[in-house]
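For reference, the structure is listed below as structure tokens.
In UniProt numbering, the protein residues as written are 1 to 540.
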């Protein structure tokens, strides 16, 4: 199957007619990882999502593939070791969507971290995570810390730690993993909702589903069904009657974006808040984004709100650590909010609940994977597919290979490894220039799409849209299953979060082009326009 809306009718036909070894419910990073791992082992795999791919938590994170330094404080040593090692794997397999980012950890008199605890913690972190020599921690004096970021609060400053995290585009990471799964034989389709299960002698044999675009119902048959629906895993389990024992506790995380003309941050900082939590401030594309909050959340996870209290909390955190920066609510250009699907632990505050993942196996055979972190998606997928292959061996005597994803470049990741990425960008930028893009435009495309850049270059056409935006739009439609303007502006490009002016300027021609391509009715065009306007309002 190809990863294009043009093939949607045939994909629906296949979902109705084929018998799958594995059906994954949920198109976030965990589901994408499972689809890739399963298809690599030769399992006939399908994946569906009721929304767009990555529309839930996987496009609403802090956009870091990080090892969870703060979890050392909670003595979650095994998790720190595992996800720490996974950071480097995620980076190596997709250098175009993951970038090393040196992080400054300042410590002040009376703060969460001190010189000894920071030095020891970062040293243990380096050891557990297997950090390569060039990225191991450094310790700075107060003067050296201010040289790295002069905006940091000087009062009580004792020094700083310096260590590497990995910045990512979470939605694009999810898409690139999904596209690789499709390349390896998986059928992955957005806007198809799991509505119930089918059974034989009490065992799940597939699902009842509804195409959200046509409202057509269908039955999808599968030997094993995996519930990887993130914040919705309990809702899916209810449909199976298997919601008992452990369950989720959702917490909300909010981030705000401020232009660097107002907040001239040039160094990523991980810092104390007045209430002794830790928050990130990260420079990106001429902006600085700050987050995250951590509060319990009990409402609809589809579009979690950003409250005045959320904004005030983060603005106060900025003023606390960067007292020379004069920021107010009017300086917030955009924001985003997501929910963490954490496993419930009685009596714990939001920040104290473990981020570990677990697999739950129902009597019906439904497998659910819950909890976890973006960083650990590949290992989580490997673990649950190991269980699937174990069950298939027990039940049918079929043997499958071990996971093969550890050293597998994701889509766009065939760049010769991270060490070669800079020279790859240079060479492919020259190709883009030869196709009529400026050097800046071509370099932007190569950085974002990696080894798929030449496919994007091929979509250069005359248009009322800027050259890069038009090529991105056509590529998103033809090769990334984008269907709505929100799909494009949020998850295919990130423009709604980091380039709101482009969205406001060009939203109408983008909507018009999508409407023409997909032959939307007047009602559909109104609905998709309203969805984008709601997203713009939610992030403003």
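Beta carbons are placed, not taken as given, at the ideal position from N, Cα and C, and that holds for glycine.
- In the DSSP secondary-structure assignment, residue 198 is bridged to 206.
- By the neighbour-count criterion, in which 16 or more other beta carbons inside 10 Å mark a residue as buried, residue 133 falls on the exposed side.
- When DSSP states are grouped into helix, strand and coil, residue 271 belongs to the strand group.
- DSSP places residue 10 in no beta strand (DSSP E) but in the uninterrupted alpha helix (DSSP H) bounded by 8–17.
- By the Cβ criterion, the segment 401–414 is in contact with the segment 173–184, since at least three pairs of Cβ atoms, one from each stretch, lie closer than 8 Å.
- Taking 4 residues as the minimum length, the segment 83–109 contains no alpha helix (DSSP H) run wholly inside it.
- In this structure, the CA atom of residue 83 is about 20 Å from the CA atom of residue 118.
- Assignment of alpha helix (DSSP H) within the segment 169–197, counting only whole runs of 4 or more residues, yields 170–183 in chain order.
- In this chain, the beta strand (DSSP E) harbouring residue 221 covers 217–227.
- The three-state reading of DSSP puts residue 361 in strand, counting E and B together.
- The DSSP-derived three-state label of residue 335 is strand.
- Straight through space, the alpha carbons of residue 370 and residue 44 are spaced by roughly 23 Å.
- Residue 113 and residue 122 have their C-alpha atoms spaced approximately 11 Å apart.
- DSSP places residue 240 in the uninterrupted alpha helix (DSSP H) bounded by 233–240.
- Cα atoms of residue 429 and residue 462: separation of roughly 20 Å, rounded to the nearest angstrom.
- Straight across, the Cα-Cα distance linking residue 320 with residue 278 is about 12 Å.
- Here residue 12 is buried. Its C-beta has 16 or more other C-beta atoms within 10 Å.
- Counted as a single uninterrupted DSSP element, the alpha helix (DSSP H) harbouring residue 313 occupies residues 308–321.
- Take the alpha-carbon of residue 285 and the one of residue 217: they are about 43 Å apart.
- Residue 60 places its beta carbon 7 Å or farther from that of residue 101.
- Proximity to residue 383 across 395, 360, 240 and 233 peaks at 360, based on C-alpha coordinates.
- Where residue 495 is concerned, the enclosing alpha helix (DSSP H) starts and stops at 495–498.
- Excluding sequence positions up to five before and after residue 145, its CB lies within less than 8 Å of the CB of 104, 106, 152, 157, 159 and 160, all in the same chain and listed in chain order.
- A direct Cα-to-Cα measurement between residue 5 and residue 328 gives close to 43 Å.
- Note on geometry: alpha-carbon atoms of residue 453 and residue 536 lie some 28 Å from one another.
- With a contact defined as Cβ atoms closer than 8 Å, residue 254 and residue 314 qualify at about 7 Å.
- Within the segment 461–539, the complete alpha helix (DSSP H) segments of 4 residues or longer fall at 467–479, 495–498, 500–518 and 522–539, listed in chain order.
- Judged by DSSP secondary structure, residue 379 falls outside any beta strand (DSSP E) and instead within the alpha helix (DSSP H) spanning 377–396.
- Per DSSP, residue 154 lies in no beta strand (DSSP E) segment and is marked neither H nor E.
- In the DSSP assignment, residue 40 falls within the alpha helix (DSSP H) that extends over 29–40.
- Taking every protein chain shown into account, the CB of residue 422 has fewer than 16 other CB atoms within 10 angstroms, so this residue is exposed.
- Between the C-alpha atoms of residue 476 and residue 427 there is a straight-line separation of about 24 Å.
- Check the Cα spacing between residue 398 and each of 10, 522 and 390: the tightest is with 390.
- Distances from the alpha-carbon of residue 310 to those of 539, 51 and 415 put 539 closest.
- Judged by DSSP secondary structure, residue 256 falls within the beta strand (DSSP E) whose first and last residues are 248–259.
- Residue 333 sits away from residue 234, with the two beta carbons spaced by 7 Å or more.
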